[in-house]
Amino acid sequence: MKKIIPLIALSVALSACVSSRTDTLKPEQLANQRFVLTTFNGKALTASDQGPAAEIRFDKDLRVTGKMCNGFMGQGKLSDGALTVKHMDMTMMMCADPQRNELDHTIQAMLNDGAQIDLTGDQLTLTTVSQTLIYTREHNA
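Numbering (full-length UniProt numbering), first residue to last: 1 to 141.
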């Protein structure tokens, strides 16, 4: 009996540690925020003179706007830790930078299908099985 009580206490403590990450991102945590893309699938983005930084923005109603090569916009939805934008509009111009063209296709697929979203400090991460985009919050948005 003396050995069982410490084991129960230890298992309760460990389960509390494991379940402490059950909090999910709320729309108000993203409201009126701008994030600049810094990493694409583990690789830092190269500086480009092809235009402004790739970015994503959220308004108070979780409307998502942004730019890779083309501008995009749509109504976001958060559910079970995933961000989805089912009906995303995007401009359709060809970009001289092949990486920007790839990013256009990536963000459209990720948001249409739903990407896991995490906000830790100033870092926003969008992840699917095959893609990861890491953004940094811009404080003067």
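Each residue gets a CB set at the ideal place from its N, CA and C atoms; glycine is no exception.
Exercise. Examine the Cβ distances between the segment 73–91 and the segment 106–120 and report whether three or more of them are shorter than 8 Å.
Key: yes
Practice problem: Quick one: residues in its chain with C-beta nearer than 7 Å to the C-beta of residue 91, no 5 flanking neighbours on either side, listed in chain order? | Solution: 70 and 71
Quiz item: Between the C-alpha atoms of residue 76 and residue 98, what's the straight-line distance to the nearest angstrom?
Solution: 27 Å
Quiz item: Using a Cβ-Cβ cut-off of 8 Å (strictly less than) and excluding sequence neighbours within five positions of residue 38, which residues of its own chain qualify?
Solution: 44, 45, 134, 135 and 136
Quiz item: With a CB to CB cut of under 7 Å and the five nearest residues on each side skipped, what residues in its chain are close to residue 40?
Solution: 103 and 133
Quiz prompt | Opening and closing residue of the alpha helix (DSSP H) in which residue 29 lies | solution = 27–30
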